[in-house]
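What follows is a short report on a single structure.
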Amino acid sequence: DAKKVSLFRNLCVYSVPGAPLPPRLRCPALVVSGEGTRVTLRRLAIEALPEPQEALVDVRKGAFCELVDCHLRGGGLRLADGASARLLRTSVDSAPGPGIDGSGFSELTMEECHVTSCLGNGVCLGKCRRVDASDCTFSDNGMNGAVVGGAWGEWRFRGCTFAGNAQYGVW
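Numbered according to this note's numbering, the sequence shown terminates at residue 179, and the numbering increases by one at each position without gaps.
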């Protein structure tokens with residue numbers, strides 16, 4: 009499919025240790041789907057191809073995705089249908105919509121991440137089981153830094169910075 013690459017099995021993609029810069033991976037949307045499916049991406053610069061897309065990494069149906077030292081450009085991360093994600097020292101910028109979008113997902117953990125210059129909200133999160141963001145920066149987004157909603161779930165933002173967003177830091 010020219011618009012997406014579907015991943016239904018476990019996959020790990022790492023850059024070569026000691027590389028001076030992370031390799032640039034230009035691709036259509038990566039769709040990670042299926043209960044028990046685990047995808048780990050480490051030290052990669054991932055760019056939307058052929059043009060910016062709302063969800064560059066789309067995690068659904070109970071799958072888990074880990075992004076470590078990655079840079080998503082021109083598209084964001086979407087979580088749905090009981091999916092989970094862990095982001096460590098990962099940046100999301102220049103998404104045409106929200107940088108991270110999720111509703112009905114299980115967990116999102118973010119540590120030392122940057123969500124910047126997205127045309128929509130930095131993060132837009134609805135009903136979920138748990139969100140834990142620590143030492144993250146949400147800045148210069150076209151709308152709010154973070155929109156958090158939903159009647160259930162555990163929400164925790166610790167040591168985070170919300171600056172320069174067009175509307176509110178947190179809504």
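The C-beta atom is built at its ideal place from N, Cα and C for all residues, glycine as well. Nothing here was measured: the structure is a model prediction, and the numbers come from that model.
- Taking 8 angstroms as the cut-off, the Cβ atoms of Asn129 and Pro106 count as close.
- Contact annotation, Cys132 with Val155: C-beta distance approximately 5 angstroms; criterion of less than 8 angstroms satisfied.
- Counting along the chain, Met118 sits inside the beta strand (DSSP E) bounded by residues 113-119.
- Taken through DSSP and simplified to helix, strand or coil, Phe16 comes out as coil.
- Glu115 and Arg137 do touch by the CB rule: their CB atoms are close to 6 angstroms apart, below 8 angstroms.
- Excluding residues up to 5 positions away in sequence, Ser23, Pro30, Asp77 lie with their Cβ nearer than 6 angstroms to the Cβ of Arg51 in the same chain.
- Boundaries cannot be given for Gly172, as no beta strand (DSSP E) includes it and DSSP labels it neither H nor E.
- In this structure, Gly82 and Glu55 form a Cβ contact; the two beta carbons are roughly 5 angstroms apart against a cut-off of 8 angstroms.
- Between Leu15 and Leu38 the beta-carbon gap is near 6 angstroms, inside 8 angstroms, which marks them as a contact.
- For the pair Gly112 and Gly70, the CB atoms are not nearer than the 8 angstroms cut-off.
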